[in-house]
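Trainee: From first to last, the protein sequence lines stand for chains P and E.
Numbering-wise, this note's numbering comes out as the position in the first sequence, counting from 1, plus 34.
Numbering-wise, this note's numbering comes out as the position in the second sequence, counting from 1, plus 162.
I have a structure here, written as structure tokens, and I will follow up with some questions on it.
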Amino acid sequence: MRLGQVRRRLRLYAALEGGVAGAALAMLALAVGVALARGGGSAPGVEVVAVLIFLGAAAGAIVRGARRIPLARCARLADAALDGQDRLLSALFLDAADPSPFARALVADAVRRAESLMPRAAVPARRPAGLPALGIAALALAGAALFPASLRAARVLPTVPIAERRAPVPAGTLDAEREVARASAAEATRLGDERLAALAADFDRALRRLASGTLSDSAALELLRALQARAALAAWAAKRDAQAAEAAATALEASAETRAAGKALAQTGGGASDAEQASAALGASATAHPTETARALASAAASLADAPGETGEGADAKDRPRRLSRDGSSAGTAPEKTAREGGDPEARHLEQLRRDLDGAASACRDGAPGCRSRAEQGGRDLAQLGRQGAARDSLQRLQRSAEQLRARVGRGELGVGDTQAMRSFGRAAKGKSAAPNGTGDAVSASVEDAQGDRDGTGSSRPAGDDEGDDDSDRDRDDPREGTSGAETAAASAAMAAEGGGASQDEAGSGNGIGHQPGGAPLGPRPGDATAARATEAHDNVPLADGAGPGRAEVIGTAAGRGFASPGYARTFSDYAAAVEDALGATAVPEGKRYLVRRYFDLIRPRPPRLPPRSAR
Amino acid sequence: MSASRPNQIDLSAEAVTAAVAAFRTDLDRLLAEIGRRLVGQTDVAGAVASALLAGGHVLIEGVPGLGKTLLVRTAAAAMDLTFSRVQFTPDLMPADVIGTNLIVDEAGGRRFEFQKGPIFAHVVLADEINRATPKTQSALLEAMQEQSVTVGKQTYALPPPFFVLATQNPIEMEGTYPLPEAQLDRFLFKLRALPPTGAELHQILDRTTGAPEEATRVVLGRERLLEMRALVRQVPVARPIQDFVVRMVEATDPARSPSADVARFVRYGSSPRGAQALILGAKIEALRAGRFAPSFADVRRVAIPALRHRVLLNFDGEAEGITADALIEKLLATLPEMP
Numbered sequence: 035m036r037l038g039q040v041r042r043r044l045r046l047y048a049a050l051e052g053g054v055a056g057a058a059l060a061m062l063a064l065a066v067g068v069a070l071a072r073g074g075g076s077a078p079g080v081e082v083v084a085v086l087i088f089l090g091a092a093a094g095a096i097v098r099g100a101r102r103i104p105l106a107r108c109a110r111l112a113d114a115a116l117d118g119q120d121r122l123l124s125a126l127f128l129d130a131a132d133p134s135p136f137a138r139a140l141v142a143d144a145v146r147r148a149e150s151l152m153p154r155a156a157v158p159a160r161r162p163a164g165l166p167a168l169g170i171a172a173l174a175l176a177g178a179a180l181f182p183a184s185l186r187a188a189r190v191l192p193t194v195p196i197a198e199r200r201a202p203v204p205a206g207t208l209d210a211e212r213e214v215a216r217a218s219a220a221e222a223t224r225l226g227d228e229r230l231a232a233l234a235a236d237f238d239r240a241l242r243r244l245a246s247g248t249l250s251d252s253a254a255l256e257l258l259r260a261l262q263a264r265a266a267l268a269a270w271a272a273k274r275d276a277q278a279a280e281a282a283a284t285a286l287e288a289s290a291e292t293r294a295a296g297k298a299l300a301q302t303g304g305g306a307s308d309a310e311q312a313s314a315a316l317g318a319s320a321t322a323h324p325t326e327t328a329r330a331l332a333s334a335a336a337s338l339a340d341a342p343g344e345t346g347e348g349a350d351a352k353d354r355p356r357r358l359s360r361d362g363s364s365a366g367t368a369p370e371k372t373a374r375e376g377g378d379p380e381a382r383h384l385e386q387l388r389r390d391l392d393g394a395a396s397a398c399r400d401g402a403p404g405c406r407s408r409a410e411q412g413g414r415d416l417a418q419l420g421r422q423g424a425a426r427d428s429l430q431r432l433q434r435s436a437e438q439l440r441a442r443v444g445r446g447e448l449g450v451g452d453t454q455a456m457r458s459f460g461r462a463a464k465g466k467s468a469a470p471n472g473t474g475d476a477v478s479a480s481v482e483d484a485q486g487d488r489d490g491t492g493s494s495r496p497a498g499d500d501e502g503d504d505d506s507d508r509d510r511d512d513p514r515e516g517t518s519g520a521e522t523a524a525a526s527a528a529m530a531a532e533g534g535g536a537s538q539d540e541a542g543s544g545n546g547i548g549h550q551p552g553g554a555p556l557g558p559r560p561g562d563a564t565a566a567r568a569t570e571a572h573d574n575v576p577l578a579d580g581a582g583p584g585r586a587e588v589i590g591t592a593a594g595r596g597f598a599s600p601g602y603a604r605t606f607s608d609y610a611a612a613v614e615d616a617l618g619a620t621a622v623p624e625g626k627r628y629l630v631r632r633y634f635d636l637i638r639p640r641p642p643r644l645p646p647r648s649a650r
Numbered sequence: 163m164s165a166s167r168p169n170q171i172d173l174s175a176e177a178v179t180a181a182v183a184a185f186r187t188d189l190d191r192l193l194a195e196i197g198r199r200l201v202g203q204t205d206v207a208g209a210v211a212s213a214l215l216a217g218g219h220v221l222i223e224g225v226p227g228l229g230k231t232l233l234v235r236t237a238a239a240a241m242d243l244t245f246s247r248v249q250f251t252p253d254l255m256p257a258d259v260i261g262t263n264l265i266v267d268e269a270g271g272r273r274f275e276f277q278k279g280p281i282f283a284h285v286v287l288a289d290e291i292n293r294a295t296p297k298t299q300s301a302l303l304e305a306m307q308e309q310s311v312t313v314g315k316q317t318y319a320l321p322p323p324f325f326v327l328a329t330q331n332p333i334e335m336e337g338t339y340p341l342p343e344a345q346l347d348r349f350l351f352k353l354r355a356l357p358p359t360g361a362e363l364h365q366i367l368d369r370t371t372g373a374p375e376e377a378t379r380v381v382l383g384r385e386r387l388l389e390m391r392a393l394v395r396q397v398p399v400a401r402p403i404q405d406f407v408v409r410m411v412e413a414t415d416p417a418r419s420p421s422a423d424v425a426r427f428v429r430y431g432s433s434p435r436g437a438q439a440l441i442l443g444a445k446i447e448a449l450r451a452g453r454f455a456p457s458f459a460d461v462r463r464v465a466i467p468a469l470r471h472r473v474l475l476n477f478d479g480e481a482e483g484i485t486a487d488a489l490i491e492k493l494l495a496t497l498p499e500m501p
């Protein structure tokens, strides 16, 4: 019957596919053989190759064509070609098994319908699936036969030059940093501050090299780290100078005779005219009231001695750029230490000024002729000190800008534009890799580690603590606290990524002031998940990509060990009692009782697992 | 026709062909008569007719006002069957459904006389069955299974054909007693009545706000219905089709299912009644199409109404918002018809 024709047609196409597959395999084997033979100096003849391919095809056709094809498969194909209602399949199985009138009617119906079946419709002509493989095998064979052996031997893989230079930075990416460099240079010119001018020029030069692509990422990180350290040290020194100048002005203002000089010094914030005014006022006072002026100058010298940083024991000793000193590979120690050892030129300058003022006071006290001139010089020196202190804001801005730029370079955000940077920030915020390149993982991991260390100390403060604080100005002046938590963490991460600078442990020693969440003010509370975790051994949690936790997992996790808060436990006990009452008093089907009880069992708060007691 | 077995018909091959054609014609007439009164709900009407012919009962889930009562009343009238409707309420007692013994004064003295309840009808509409207490539900469901009721020491057989169409309102769960899973299994199909489309709503308004409609015509007799039921039972099923049904029912069992979703979200799979429902439903689908044996497509067509109330989800499944329909559809999509 027709099913036999369908089966023959199926067998034909199976044999055809087997032939194609066999020929392809034979060609691949021949390609290898021909290549080896040509390498050895000989080559098989075309007739031999053709015969071998034919034999391969014939073997494939026989193997595939001889396979058993069940009639049920033929019936399914025929049914699909008819109306898809499995009439032939049912008839095939019911023909012998069921002699009922229904079965007979079914068979008769199937036979009648099969009469109209075209085997071509049941098994349509199709291209053998192995044809692409056959083509590839033929190409391989042709290549092996035609490609000159000498060229194969002479072929050398080209070396790919590795670009050391980074791609130029897109326009506008460094505009903010350029503006900081320009403003710093202008401020340096106004104040006559060579230190600020040098830093601004170096920063501008670094920006130009970054923009032109002549600076590699690693070199940029190193350069910016050095700039940041220099700026931080200079800002700290400027702050100390400002405080010293302010203290000296206050000491001079305390005496009626030198009050004018003190006021002039207190107003010193810029040009040379202020300095001259202070100098002249002090000179006039020394002429008119040498004894009182001597006392005031001695008081000003003493105030300089008490100035923070001069002795290394001031109130802001803790505010010194301790962390940044670690950044400096050459420094490696705190500035106060070098100051005490006489290695800090800024500290020496302050000590020299104190001695000069003491000398002027002695001269005036003794009625020496040099009293006026030395007092005037002291006034100029104090005014100069104030001008140096006035540069602190610019220095801090420069330091922050260098730090932020270094973090961006570390995250690989330069050269990809602001959009990519925002995307990178978004990824980092979600806890994913911050950068698309290979360094990004290390950077983001370091950021997270630094953040985790910081949070875990329990001594961190909330971000809002700075506001309304009495010494908020000092806080802002501090080179370490002036940056946000994210920036410092990113900078630390960048240092970790480049393999030098602060370690992750050191990065975690900060007090957490900044714009990032700093944890609970008094450390983790009892009952918190973090507190619970602290008493537990670390578990390795296997992670897998997927659709995320399901609702059931979320519910279960909320009640997990150590995660259920006391409030959750109280709420749970209230509801659980009410549910038991309801289940006992209401006719609830047993199936629903099971669900309700299982649900409440799943969300039951579980206490944190206690650490195992050590055997004694 | 032979009388060897009740309602069993012996036919030659030619007579079978004629019987199948008559079956198809009669079923089409029945559905056409129902469609003449009921707008839309053609799938529900077809499944109700299938359940009637298979000797099973139907649970319909749907909000009030979708024509469930009209459907079953029309079907009963079209087949000249007695019909009764019971509105289930929390204070409904079993005796209100199955009947009770009353004391009757006669000349010879007093005696008990059984007063039949509304269940003594061919077609019973148990409206909002989940509003009655489990005790009353059990009384009805026992009658559905046994086709008889027992009051005192007396057992009363229910008149064949006995068909129960129960309804549930899915939106009001307050003060309801959801049917236990074991009771749900006694329904051949669980159907969902969907709201009418805009065009259907127009048609409903045209029909119900104008002149009174004509009465339902009788298109089938009770005897003819029983004959059709007997014919259904004679339809043979090829082994591959039955094997597919068996594998389908096994695939709903979390312990044996090849589907990871079933293993994760299902508490209990279908009982053997599910397989029976699949086979019977597929047979009727084949007869409706004028064929002599069911196909894989027939099984697929009835799989969801036959299995959706027999696949019981576990906590994870309910929490994740998984539906039995979705799981069955996935099984239908992934389970090979012939291994």
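Built from N, CA and C at the ideal position, the CB exists for glycine as well.
State the beta-bridge partners of residue 289 of chain E as determined by DSSP.
Mentor: Per DSSP, E:249.
Trainee: At what residues does the beta strand (DSSP E) containing residue 267 of chain E begin and finish?
Mentor: Taken as a continuous stretch (DSSP letters only), the beta strand (DSSP E) holding residue 267 of chain E covers 261-268.
Trainee: Below 7 Å on C-beta distance, what does residue 174 of chain E contact in chain P?
Mentor: Chain P residues near residue 174 of chain E: 135.
Trainee: Can you check the stretch 394-431 of chain P for any alpha helix (DSSP H) of at least 4 residues that lies completely inside it and give the ranges in chain order?
Mentor: Entirely contained in the stretch 394-431 of chain P, the alpha helix (DSSP H) runs reaching 4 residues are, in chain order, 405-424.
Trainee: Taking the CB atoms as reference points, tell me whether residue 416 of chain E and residue 424 of chain E lie closer together than 8 Å.
Mentor: Yes, Cβ-Cβ distance for residue 416 of chain E and residue 424 of chain E is below 8 Å.
Trainee: State the CB to CB distance for the pair residue 185 of chain E and residue 390 of chain E, rounded to an integer number of angstroms; the pair is presumed to be in contact (CB under 8 Å).
Mentor: At roughly 6 Å, the Cβ-Cβ gap stays under 8 Å, so residue 185 of chain E and residue 390 of chain E are in contact.
Trainee: Is residue 250 of chain P close to chain E, meaning its C-beta is less than 8 Å from at least one C-beta of that chain?
Mentor: No - not a single Cβ of chain E is within 8 Å of the one on residue 250 of chain P.
Trainee: If we require 4 or more residues per run, which alpha helix (DSSP H) segments fall completely within the stretch 331-382 of chain E?
Mentor: The stretch 331-382 of chain E contains these whole alpha helix (DSSP H) runs: 343-346, 360-370.
Trainee: If you count every other CB in all the chains shown that lies within 10 Å of the CB of residue 165 of chain P, and 16 or more means buried, which is it?
Mentor: Exposed, because fewer than 16 other Cβ atoms sit within 10 Å of the Cβ of residue 165 of chain P.
Trainee: Which residues in chain E sit within 7 Å of residue 138 of chain P, going by Cβ to Cβ distance?
Mentor: Those within 7 Å of residue 138 of chain P in chain E are 175.
Trainee: Whose C-beta lies closer than 7 Å to the C-beta of residue 494 of chain E among residues of the same chain, with five residues either side of it excluded?
Mentor: Cβ neighbours of residue 494 of chain E beyond the five flanking positions: 462, 465.
Trainee: Tell me the rounded alpha-carbon separation between residue 258 of chain E and residue 450 of chain E.
Mentor: The alpha-carbon atoms of residue 258 of chain E and residue 450 of chain E are separated by roughly 38 Å.
Trainee: Note down, in chain order, every chain E residue with its Cβ under 7 Å from the Cβ of residue 615 of chain P.
Mentor: Near residue 615 of chain P there are no residues of chain E at all, since even the closest Cβ is about 17 Å away, more than 7 Å.
Trainee: Within 10 angstroms of its Cβ, does residue 498 of chain P collect 16 or more other Cβ (buried), or is it exposed?
Mentor: Low per-residue confidence applies at residue 498 of chain P: pLDDT is 37, beneath 50, and the placement is therefore not dependable, though the value from the model is reported in the following sentence. With fewer than 16 Cβ atoms within 10 Å of its Cβ, residue 498 of chain P is classed as exposed.
Trainee: Give me, in chain order, the residues of the same chain whose beta-carbon lies closer than 7 Å to that of residue 498 of chain E; leave out the 5 immediate sequence neighbours on both sides.
Mentor: No residues qualify anywhere along the chain.
Trainee: Using a Cβ-Cβ cut-off of less than 7 Å, list which residues of the stretch 248-278 of chain E approach chain P; keep chain order.
Mentor: Under the 7 Å Cβ criterion, the stretch 248-278 of chain E contributes no residue.
Trainee: Any beta carbon of chain P sitting closer than 8 Å to that of residue 295 of chain E?
Mentor: Closer than 8 Å: yes.
Trainee: Closest to residue 201 of chain E by CA distance: which of E:183, E:233, E:402 is it?
Mentor: Nearest of E:183, E:233, E:402 to residue 201 of chain E, Cα basis: E:233.
Trainee: The alpha helix (DSSP H) with residue 284 of chain P in it runs from where to where?
Mentor: 251-287 is the span of the alpha helix (DSSP H), which, as asked, contains residue 284 of chain P.
Trainee: What in chain E is Cβ-close to residue 128 of chain P, meaning under 8 Å?
Mentor: Those within 8 Å of residue 128 of chain P in chain E are 398, 400, 455.
Trainee: Helix or strand or just coil, what does DSSP make of residue 223 of chain E?
Mentor: Strand at residue 223 of chain E.
Trainee: Counting contacts by CB-CB distance shorter than 8 Å, is residue 48 of chain P in contact with chain E?
Mentor: Answer no: the Cβ-Cβ gap between residue 48 of chain P and chain E never drops below 8 Å.
Trainee: Cβ closer than 7 Å: which chain P residues qualify as neighbours of residue 477 of chain E?
Mentor: Within chain P, the residues near residue 477 of chain E are 586, 629, 632, 633, 636.
Trainee: Please return the same chain residues whose Cβ sits closer than 6 Å to the Cβ of residue 239 of chain E, not counting the five positions on each side in sequence.
Mentor: Cβ within range, chain order: 378.
Trainee: Please classify residue 491 of chain E: does DSSP put it in a helix, a strand, or coil?
Mentor: If DSSP states are grouped into helix, strand and coil, residue 491 of chain E belongs with the helices.
Trainee: Is residue 244 of chain P near residue 215 of chain P, with beta carbons less than 8 Å apart?
Mentor: The answer is no: Cβ separation not under 8 Å.
Trainee: Rounding to the nearest angstrom, what Cα-Cα distance links residue 306 of chain E and residue 101 of chain P in this structure?
Mentor: Looking at the two C-alpha atoms, the distance is approximately 53 Å.
Trainee: For the beta strand (DSSP E) that contains residue 127 of chain P, what are its first and last residues?
Mentor: Here residue 127 of chain P belongs to no beta strand (DSSP E); instead the alpha helix (DSSP H) covers 121-131.
Trainee: Below 8 Å between beta carbons: does that hold for residue 355 of chain E and residue 215 of chain E?
Mentor: Cβ distance not < 8 Å, so residue 355 of chain E and residue 215 of chain E don't count as in contact.
Trainee: Rounded to whole angstroms, what is the Cα-Cα separation between residue 322 of chain P and residue 210 of chain P?
Mentor: The alpha-carbon atoms of residue 322 of chain P and residue 210 of chain P are separated by roughly 53 Å.
Trainee: List, in chain order, every chain P residue whose beta-carbon is nearer than 7 Å to that of residue 339 of chain E.
Mentor: The answer, in chain order, is 621, 623.
Trainee: Kindly give me the distance between the Cβ atoms of residue 234 of chain P and residue 432 of chain P, rounded to whole angstroms, as I take these residues to be in contact under 8 Å.
Mentor: Sure, about 7 Å apart at Cβ, within 8 Å.
Trainee: Based on the DSSP secondary-structure assignment, which residues constitute the bridge partners of residue 485 of chain E?
Mentor: Paired residue(s): none; residue 485 of chain E is not in a bridge.
Trainee: For the alpha helix (DSSP H) containing residue 38 of chain P, name the first residue and the last one.
Mentor: It spans 36-73 - the alpha helix (DSSP H) in which residue 38 of chain P sits, taken as one unbroken run.
Trainee: Please report whether the beta-carbon of residue 480 of chain E lies at a distance below 8 Å from any beta-carbon of chain P.
Mentor: So, interface residue.
Trainee: Determine the direct distance from the alpha carbon of residue 204 of chain E to that of residue 92 of chain P, and round the result to whole angstroms.
Mentor: If I take the Cα positions, the gap works out to 58 Å.
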